[in-house]
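Undergrad: First the structure, which I've put down as structure tokens, then a few questions once you've had a look.
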Amino acid sequence: MEFRHLRLVQTLASEGTLTAAGRRLYLSQSALSHQLKEIENEFGVKLFRRFKRRMLLTPAGQRFLDSADVVLSEIDKVRDDISRLSSGETGTLRIAACRSLGFRWLPGVVNSFKNAYPDVEISIDPLWDHNPTNRVLSGTVDVAITNSKNEGRGLVYLKLFDDELVAVVRSDHRWASNDHVTARLLADENLVTFDFPTNEMDIGSTMLAPSGVTPKSIVTLPTIEAIVDMVRGGAGVAVLNSWPVRPFLIDGGLQTVRLGRGGIQRSWYAAVTDDDQKPPYIARFIGLLAHQGKS
């Protein structure tokens, strides 16, 4: 049995005559009769009977038609789904980001994206780490948002926007009135930071290691929200990227201070695979993210 047999029985039952069914299927009457005979021989039963020049379903034919309707409907749905997937109208966008980015950037970008692609589902990888680009290479996610670049084959890093590493302090902290702070001042402070190894911290590679300074103590936490809450509570200072910190400043009680006289500049990237088969909505998401970061 083949799909053409299912379509033949469905069409013949609908049209009622071999001539009309043949016109619809672009088959001669003899070819249509031959195909009908093939399927009836396979099952060893008649699917149609003639009555006043019309072809009427037998009980076996009705059972066959019921199944044909289900199968052909599903095949048509699969074709439509694949067509929409290939055109980028539907699909799933899987995102991962380094933990220092936090979540507060997400609603604005997602809302704009869903206006353009309402049928594309967004999935956020919950296993955020310091550098999630390996998940792009493994096929677990489509886009990794990171401020670190691992040079190697298979990935393309699309620059989103520039950012700055800053100290985050309470508004009544002794640094709050400073134009900038130096690494030496960190020796007298409790540093609240992510639970990464010190050599993987942004502040570790940019200020602490080059100056040989060790903070008074280090408190490590898993999320930017927890770090900001600790700083707001007076438990120490933090060094974070300015873009993800901005939403927390709206609540009041916190401010940022430049690190070093010239500041420490960072850049954010969207890491994707280097193939050309990506659906168009991935580029749209990256564009929206870059726009929000620059605004």
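Going by the numbering used here, the first residue of the sequence shown is number 6, and it counts up by one from there.
Cβ atoms here follow ideal geometry from the backbone N, Cα and C, with glycine treated the same way.
Given the structure is predicted, the values throughout are model-derived calculations rather than measurements.
Would you mind working out which of Val115, Arg59, Ile150, Leu52 sits nearest Glu20, comparing C-alpha positions?
TA: The option with the nearest alpha carbon to Glu20 is Arg59.
Undergrad: Residue range of the beta strand (DSSP E) that Lys57 falls in?
TA: First-last for Lys57: undefined, no H or E at that position.
Undergrad: My understanding is that Ala26 touches Leu11, with C-beta atoms under 8 Å, so please give their C-beta distance in whole angstroms.
TA: Actually they are not in contact, since the Cβ atoms of Ala26 and Leu11 sit about 13 Å apart, beyond 8 Å.
Undergrad: Enumerate, from N- to C-terminal direction, the unbroken alpha helix (DSSP H) stretches of 4 or more residues contained entirely within the segment 69–134.
TA: Complete alpha helix (DSSP H) runs here, min 4: 111–121.
Undergrad: Which residues does DSSP list as the beta-bridge partners of Tyr162?
TA: Tyr162 is bridged to Ala276.
Undergrad: Tell me whether Thr382 is buried or exposed, calling it buried when 16 or more other Cβ atoms sit within 10 Å of its Cβ.
TA: Not covered by the structure: residue 382. The range shown for the chain is 6 to 300.
Undergrad: Does the distance from the C-beta atom of Asp4 to that of Gly159 stay below 7 Å?
TA: Summary: the structure shown does not reach residue 4, with the chain confined to residues 6 through 300, and so no result is reported for it.
Undergrad: Based on Cα-Cα distance, which residue from Ala276, His178, Ser105, Ser216 lies nearest to Arg237?
TA: Measuring from the Cα of Arg237, the nearest candidate turns out to be His178.
Undergrad: Between Tyr286, Pro285, Ala275, Ile291, which lies nearest to Arg140 when the distance is taken from Cα to Cα?
TA: When only C-alpha atoms are compared, the closest one is Ala275.
Undergrad: May I have the straight-line CA-CA distance separating Thr225 from Glu194, to the nearest angstrom?
TA: Rounded to the nearest angstrom, the two C-alpha atoms are 14 Å apart.
Undergrad: Does the distance from the CB of Leu52 to the CB of Glu43 come in under 7 Å?
TA: No, they are not a contact pair.
Undergrad: Find out if the Cβ-Cβ distance for the pair Leu264, Ala181 is shorter than 7 Å.
TA: Their beta carbons are not under 7 Å apart, which means Leu264 does not touch Ala181 by this criterion.
Undergrad: Using the C-alpha atoms, what's the distance from Phe108 back to Asp130?
TA: If I take the Cα positions, the gap works out to 12 Å.
Undergrad: Could you give the residue range of the beta strand (DSSP E) that holds Ile223?
TA: Its beta strand (DSSP E) spans residues 222–226.
Undergrad: With a 10 Å radius around its C-beta and 16 neighbouring C-beta atoms as the bar for buried, classify Phe69 as buried or exposed.
TA: Phe69 is buried by the Cβ-count criterion.
Undergrad: How would you write the range of the beta strand (DSSP E) that Thr198 sits in, first residue to last?
TA: Segment 195–199, the beta strand (DSSP E) holding Thr198.
Undergrad: Mark Met212 as exposed unless 16 or more other C-beta atoms lie within 10 angstroms of its C-beta, in which case mark it buried.
TA: It is buried - the Cβ of Met212 has at least 16 other Cβ atoms within 10 Å.
Undergrad: Would Val146 and Ala101 be called neighbours here (beta carbons separated by less than 7 Å)?
TA: Closer than 7 Å, so yes.
Undergrad: Shortest alpha-carbon distance to Glu47 belongs to which of Glu7, Glu79, Thr24?
TA: Out of Glu7, Glu79, Thr24, Glu7 has the C-alpha closest to the C-alpha of Glu47.
Undergrad: How would you label Arg84, buried or exposed, when you count the other beta carbons within 10 angstroms and need 16 or more for buried?
TA: By the neighbour-count rule (16 or more Cβ atoms within 10 Å), Arg84 is not buried but exposed.
Undergrad: Beta carbon of Val125, beta carbon of Gln297: below 7 Å?
TA: No; because the gap between Cβ atoms is not below 7 Å, this pair is not in contact.
Undergrad: Assign Ile229 to one of two classes, buried (16 or more other C-beta atoms within 10 Å of its C-beta) or exposed (fewer than that).
TA: It is buried - the Cβ of Ile229 has at least 16 other Cβ atoms within 10 Å.
Undergrad: In whole angstroms, what separates the C-alpha of Leu294 from that of Val218?
TA: Distance between the alpha carbons of Leu294 and Val218: 36 Å.
Undergrad: Does Ser72 pass the burial test, meaning 16 or more other C-beta atoms within 10 Å, or should it be called exposed?
TA: Exposed is the call here.
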